[in-house]
Amino acid sequence: MTTALLLWVLLWSLIAFALMGIDKWKAANHGRRIPEKTLFLSAILGGSLGALVGMSLFRHKTRHWSFRIGMPVILAVQAAAALGVSYWSTFVR
Numbered sequence: 001m002t003t004a005l006l007l008w009v010l011l012w013s014l015i016a017f018a019l020m021g022i023d024k025w026k027a028a029n030h031g032r033r034i035p036e037k038t039l040f041l042s043a044i045l046g047g048s049l050g051a052l053v054g055m056s057l058f059r060h061k062t063r064h065w066s067f068r069i070g071m072p073v074i075l076a077v078q079a080a081a082a083l084g085v086s087y088w089s090t091f092v093r
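Residue 57 in this note's numbering is what sits at position 57 of the sequence shown, and the numbering runs on without skipping anything.
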């Protein structure tokens, strides 16, 4: 179960990171942009760390308060959930 969850998070982190890079490239080259809903959804599905790294590395969406606050909040909620599940499976079962 743990390995599958880690693979899930890794996959979505790579996807979210790539989406940030692609959207930044499209913004610079006047292409059709990736909707913000899609960027947030990729983070919610497990790619929040990749989205944050992509935001920082590509300097993309860093002026948008919804991203500057939303992505770290999503990551914090996911980390808290992971810690809660870990605690539950270790001590409560």
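Glycine included, C-beta positions come from ideal geometry on N, C-alpha and C.
Range covered by the alpha helix (DSSP H) that runs through I69
Residues 65-87.
Cβ atoms of F91 and V53: under 8 Å apart, would you say?
The criterion of a C-beta distance shorter than 8 Å is not satisfied by V53 and F91.
Does K24 pass the burial test, meaning 16 or more other C-beta atoms within 10 Å, or should it be called exposed?
Classification for K24: buried.
Outcome for L7 when other beta-carbon atoms lying within 10 angstroms are tallied against a minimum of 16
Exposed, since its Cβ has fewer than 16 Cβ neighbours within 10 Å.
Through-space distance from L41 to L14, alpha-carbon basis
C-alpha separation (whole angstroms): 13 Å.
Measure the beta-carbon distance from I22 to I34 and round it to whole angstroms, keeping in mind my assumption that it falls under 8 Å.
The pair is a contact, with the Cβ atoms about 6 Å apart (cut-off 8 Å).
Hey, L11 and T38 are a contact pair by Cβ (cut 8 Å); roughly how many whole angstroms apart?
Actually they are not in contact, since the Cβ atoms of L11 and T38 sit about 16 Å apart, beyond 8 Å.
For W65, which option in T2, A4, T3, E36 has the closest C-alpha, if you only look at C-alpha atoms?
That would be E36, whose Cα lies nearest to the Cα of W65.
Give the straight-line distance between the Cα atoms of L57 and S86, rounded to the nearest whole angstrom.
Roughly 31 Å separates the two Cα atoms.
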